[in-house]
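Student: Quick one: this structure, given as structure tokens, is what I'll be asking you about.
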Amino acid sequence: VVEEEAKSLPMELSEKGGVENNGFVQNEAFDDTETNTSSQEEMPKTCNVDVDPVATEELALKPYAGMPKEVLLKFSSQARYRVTREILFWLIITAAVALVCATIAIIALSPKCLDWWQASPIYQIYPRSFKDSNMDGNGDLKGIQEKLDHITYLNVKTIWITSFYKSPLKDLGYGAEDFYDIDPMFGSMGDFDNLLAAIHDRGLKVIMDLIPNHTSDKHQWFQLSRNRTGKYTDYYIWQNCTQAAGSVTPPNNWVSVFGNSSWQFDDVRKQCYLHQFGKGQPDLNFRNLAVQQEIHDIIKFWLGKGVDGFSFNAVKFLLEATHLRDEPQVNKSQNPESITAYSQLYHDYTTTQVGMHDIIRSFRQTMNQFSSEPGRYRFMGSDGDEKEDIEATMMYYGTTFIQEADFPFNFNLINMKNLSGNSIFEAVNLWMKNMPAGKWPNWVVGSPNTARISSRVGKEYVNVMNMLLLTLPGTPVTYYGEEIGMENIASENVSEECINSDPVVTFPEKSPMQWDGKVNAGFTEGNSSWLPVNSDYQSVNVEIQMTGPNSTLNLYRELTLLRNNELPIHRGWMCYIWNDSNVFVYVRELDGLDRVFMMVLNFGQESTIDLKAVVPSLPSEAIIRLSTNFSNAGKAVNTKLIKTEMGEGLVLEYKTAKPVHTMEAFQGNCFVAEKACYSRAFNLLYVNC
């Protein structure tokens, strides 16, 4: 009987809905060999218990690591898991959307970042005078490469190298014999490629000159044109002129920039060609589209090599009136036969003709083809128009819809007739009030064609001029040597050989760079230099000023650091608050920042001014952040009694809740380019303020 009951036990469990625990067989399975078959009472008690199948299933199926998909799906549909999952999903979606919206808002509200040509000063190099690498007495491209560390020491990131095309080197080499080659004096194309690579490896940019108006008379185009060869026949401006008894009667009274008739008779072609500069520099005919295309090809060649921009020179001379009428005389009573100087005529028919700006804009369009790559915008600068005609100069900026030059170079600070606080104010204000809205200013205080600062206005004003240059809004341009206060060499020291080789060029401001106190100022290891070194080179040189506690070089470097690191000076408002015969005072401010910089610059004699009377909201004290006298840095000054010596400059720093540019009394005295506002909460700049 017992044996029969034991045999019927599985059937009873099945009928009662018992569950076989296959999930936990290893731990809980019954072992038949361990069952005590001799106990007839215990077996029925264990096996005859009623088991709820649903409860047993729930008890068995608990989540565990490594569960199969079938088990996982049974739990995923339960409310407590489904609701949690949906909440997490929508939280992630909401966070992603918020992040995208925040990113779009930041991009939309952020101001345009300053481009490389706006962010850094430009350092202009006259290559023949910068550094000689091969001991021939002439500076060259390898010499520039050797001295790139000096550029980075100055905290400057843009180099402007003046013309180094193959040429007879007349008029600074601005009459090119070959636009596609380097003059052997400066090196080879391989030297240029190496220099360009070294410049870019240091994170620097390079601008080069391009003078499209004319070529050298040695240029192949001119040789083909004078022989009336094919398309080159009309590459230059040829006109019939009469020749009798050894004298030539030109087509009209036009005079070249260097004086005397701008027409030169050519014995080969038996016609006169136009030259608005030297007679060895014939003007190209820009009414010939083939000539325009040649210039576009030249631009593409150098940009293709990796050049970062061009300075286009003499562009106002690109077109002349086709009617060839005589230009009006300044003095109508003067005998027309006696006119030989450029200043004796109004140049209505030889400069800034209709269509000239269209040609420049076409150059810009070609350059834009190379500006699409991020970080590789190609800069375009141009010279301005007549210095007396500021409106004509501003046209080189282009319009709101048509881009032209990024800026025409501003020589207002060079063209001043005398130095004073008032004249500095007038030069600065003339540019700022006439500059089109949204455009970027620039300032030039030295060039290869003008006397150096120390020779032009006096060495005692070199430091304050550099302070002005590096604290005004816009891009400052420094001519090599001005960072150490170099002076012109005496004209009588220029050799007859130099004068005879280039009689239309001035040389005193082109003396060799003064690197150290060794022979030839470290410019060359040869026996001599192409121009004599200034006699003050042992006390005015880079090496000695690097260690000098109060040197022009170290002040220049501190000013570039200040410009790079302080947002108000980098891209903030500028407001004039005072000027007189001695001082020029202005502030640099940024919306959202309570820190303000005030420049008090003395261009006259010793002066004491009460600026709190001019701006009542000024704090009673300001701290000297920088001074032309380094020992004054960090001192406090009373804003009611600010004293400056002749040629002294102060950069004062103070905090205020009421910046000058928000005051109604100064609304006409404040300017800003690339406006930006600072958010202290998010530590970023934005535009809608």
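The sequence shown runs contiguously to residue 689 in our numbering.
A virtual CB, placed ideally from N, CA and C, is assigned to each residue, including glycine.
Which of helix, strand or coil does DSSP assign to Gly421?
Tutor: As a working mapping, residue 421 is identified with position 421 in the sequence shown. Helix, per DSSP.
Student: Based on the DSSP output, what are the partners of Lys205 in its beta bridges?
Tutor: Your numbering for residue 205 matches position 205 in the sequence shown. Its beta-bridge partners are Thr158.
Student: Report back the beta-carbon spacing between Ile87 and Thr475 to the nearest angstrom; my notes put them in contact at under 8 Å.
Tutor: Sequence index remark: in the sequence shown, residue 87 carries index 87 (1-based). Sequence index remark: in the sequence shown, residue 475 carries index 475 (1-based). Ile87 to Thr475, Cβ: 55 Å. No contact.
Student: Measuring alpha carbon to alpha carbon, tell me which residue in Pro63, Tyr686, Trp116, Ser110 is nearest Gln375.
Tutor: Stepping through the sequence shown from its first residue, residue 375 is reached at position 375. Checking the sequence shown, residue 375 turns out to be Gly, not Gln. Nearest C-alpha to Gly375: Trp116.
Student: Looking at Asp140 and Gly190, is the spacing between their C-beta atoms short of 8 Å?
Tutor: Walking along the sequence shown from the start, residue 190 turns up at place 190. Walking along the sequence shown from the start, residue 140 turns up at place 140. No, they are not a contact pair.
Student: Are Pro408 and Gly384 touching if we call contact CB-CB under 8 Å?
Tutor: The residue given as residue 408 occupies position 408 in the sequence shown. The residue given as residue 384 occupies position 384 in the sequence shown. Cβ distance < 8 Å, so Pro408 and Gly384 count as in contact.
Student: So Met574 packs on Pro473, CB below 8 Å; how close in whole Å?
Tutor: On the sequence shown, residue 574 is found 574 positions in, with the first residue counted as 1. On the sequence shown, residue 473 is found 473 positions in, with the first residue counted as 1. Right, their Cβ atoms sit about 5 Å apart.
Student: By the three-class DSSP mapping on this structure, what secondary structure does Asn702 have?
Tutor: Because the chain spans 1 through 689 in this model, residue 702 falls outside it and cannot be assessed.
Student: Going by DSSP, what residue range makes up the alpha helix (DSSP H) through Phe682?
Tutor: Position 682 of the sequence shown, counting from 1, holds the residue named residue 682. Unbroken run through Phe682: none, as it is neither H nor E.
Student: Kindly identify the DSSP beta-bridge partner or partners of Ile125.
Tutor: By 1-based counting over the sequence shown, the position of residue 125 is 125. According to DSSP, which records beta bridges pairwise, Ile125 is partnered with Ile161.
Student: Three or more beta-carbon pairs under 8 Å between the segment 550-566 and the segment 138-156, yes or no?
Tutor: Cβ pair count under 8 Å is three or more, so yes.
Student: For Cys272, does the count of other Cβ atoms within 10 angstroms reach 16, so buried, or fall short, so exposed?
Tutor: The sequence position of residue 272 within the sequence shown is 272, counting from 1. Burial call: buried.
Student: Can you tell me which of the three DSSP states Gln334 falls into?
Tutor: In the sequence shown, counting from the first residue as 1, residue 334 sits at position 334. Looking at Gln334 - three-state DSSP - the assignment turns out to be coil, as it is neither helix nor strand.
Student: Considering only the alpha carbon of each residue, which of Gln220, Ile609, Lys231, Met135 lies closest to Met185?
Tutor: Along the sequence shown, one-based indexing puts residue 185 at 185. That would be Met135, whose Cα lies nearest to the Cα of Met185.
Student: How far does the beta strand (DSSP E) with Gly485 in it reach, from first residue to last?
Tutor: Position 485 of the sequence shown, counted from the start, is the residue given in the question as residue 485. Counting along the chain, Gly485 falls outside any beta strand (DSSP E), and DSSP gives it neither H nor E.
Student: Determine the extent of the beta strand (DSSP E) in which Tyr586 is found, giving its start and end residues.
Tutor: For the purposes of this step, residue 586 is taken as residue 586 along the sequence shown, with counting starting at 1. Per DSSP, Tyr586 belongs to the beta strand (DSSP E) from 583-589.
Student: Give the range of the alpha helix (DSSP H) segment to which Cys101 is assigned.
Tutor: Residue numbering aside, residue 101 sits at position 101 when the sequence shown is read from its first letter. It spans 79-109 - the alpha helix (DSSP H) in which Cys101 sits, taken as one unbroken run.
Student: Per DSSP, what kind of secondary structure is Tyr686 in: helix, strand or coil?
Tutor: The residue given as residue 686 occupies position 686 in the sequence shown. Strand at Tyr686.
Student: Along the chain, where does the alpha helix (DSSP H) containing Ile569 start, and where does it finish?
Tutor: The sequence position of residue 569 within the sequence shown is 569, counting from 1. Per DSSP, Ile569 belongs to the alpha helix (DSSP H) from 567-571.
Student: Please name the residue in Met646, Asn429, Tyr654 whose C-alpha comes closest to that of Ser617.
Tutor: Here residue 617 corresponds to residue number 617 of the sequence shown, with the count starting at 1. The candidate whose alpha carbon is nearest that of Ser617 is Tyr654.
Student: Could you check which residue in Gly548, Ala198, Pro111, Asn520 has the C-alpha nearest to that of Asp149?
Tutor: The residue labelled residue 149 in the question sits at position 149 within the sequence shown. Asp149 has its Cα closest to that of Ala198, out of Gly548, Ala198, Pro111, Asn520.
Student: Can you list the beta strand (DSSP E) stretches of 3 or more residues lying completely in the segment 246-285, in chain order?
Tutor: Those beta strand (DSSP E) runs which fall completely within the segment 246-285 and span 3+ residues are 247-249, 263-266, 271-274.
Student: From Tyr461 to Leu468, what does the alpha carbon distance come to, in whole angstroms?
Tutor: Numbered from 1 along the sequence shown, position 461 holds the residue referred to as residue 461. Numbered from 1 along the sequence shown, position 468 holds the residue referred to as residue 468. So the alpha carbons of these two residues sit roughly 11 Å apart.
Student: Work out the CA separation of Arg680 and Ala657 for me, nearest whole Å.
Tutor: Translated into the one-based positions of the sequence shown, residue 657 becomes position 657. Translated into the one-based positions of the sequence shown, residue 680 becomes position 680. If you take the alpha carbons of Ala657 and Arg680, they lie about 14 Å apart.
Student: Residues in its own chain within less than 6 Å of Lys675 by CB, not counting five upstream and five downstream?
Tutor: Walking along the sequence shown from the start, residue 675 turns up at place 675. Around Lys675: no qualifying Cβ.
Student: Would Phe671 and Met486 be called neighbours here (beta carbons separated by less than 8 Å)?
Tutor: One-based indexing of the sequence shown puts residue 671 at position 671. One-based indexing of the sequence shown puts residue 486 at position 486. No.
Student: Figure out for me which residue from Tyr678, Lys112, Gln220, Ser511 has the closest Cα to the Cα of Gly137.
Tutor: By 1-based counting over the sequence shown, the position of residue 137 is 137. Nearest C-alpha to Gly137: Ser511.
Student: Using only the alpha-carbon positions, how far apart do Tyr81 and Ala95 sit?
Tutor: On the sequence shown, residue 81 is found 81 positions in, with the first residue counted as 1. On the sequence shown, residue 95 is found 95 positions in, with the first residue counted as 1. When rounded, the distance between both Cα atoms is 21 Å.
Student: Would Asp326 be called buried (16 or more neighbouring beta carbons within 10 Å of its own) or exposed?
Tutor: Along the sequence shown, one-based indexing puts residue 326 at 326. Result: exposed.
Student: If contacts are defined as beta-carbon pairs under 8 Å, then Lys166 and Ile182 qualify, I think. What distance do you get, rounded to the angstrom?
Tutor: For the purposes of this step, residue 166 is taken as residue 166 along the sequence shown, with counting starting at 1. For the purposes of this step, residue 182 is taken as residue 182 along the sequence shown, with counting starting at 1. Sure, about 6 Å apart at Cβ, within 8 Å.
Student: Per DSSP, what kind of secondary structure is Tyr180 in: helix, strand or coil?
Tutor: By one-based count along the sequence shown, residue 180 stands at place 180. DSSP places Tyr180 in strand when its eight states are reduced to three.
Student: Helix, strand or coil for Trp515, going by three-state DSSP, please let me know.
Tutor: As a working note, residue 515 is residue 515 in the sequence shown. Coil.
Student: Quick one: Cα of Gln667 to Cα of Tyr537, how far?
Tutor: For the purposes of this step, residue 667 is taken as the residue at position 667 of the sequence shown. For the purposes of this step, residue 537 is taken as the residue at position 537 of the sequence shown. Near 47 Å, if we compare the C-alpha coordinates of Tyr537 and Gln667.
Student: Would Asn211 and Ile159 qualify as a contact pair, given that the criterion is a beta-carbon distance under 8 Å?
Tutor: Start at 1 with the first residue of the sequence shown, and residue 211 comes out as number 211. Start at 1 with the first residue of the sequence shown, and residue 159 comes out as number 159. Note that residue 211 corresponds to Ile in the displayed sequence, not to Asn. No; because the gap between Cβ atoms is not below 8 Å, this pair is not in contact.
Student: Locate the alpha helix (DSSP H) running through Lys612, then write down its first and last residues.
Tutor: Here residue 612 is taken as the residue at index 612 of the sequence shown, counted from 1. Element bounds for Lys612: 611-614.
Student: Using C-beta distances below 6 Å, list every residue in its chain close to Tyr174, excluding the 5 sequence neighbours before and after it, in chain order.
Tutor: Working through the sequence shown from its first residue, we reach residue 174 at position 174. Once the five neighbours on either side are set aside, the close Cβ partners of Tyr174 are Ser163, Ile211.
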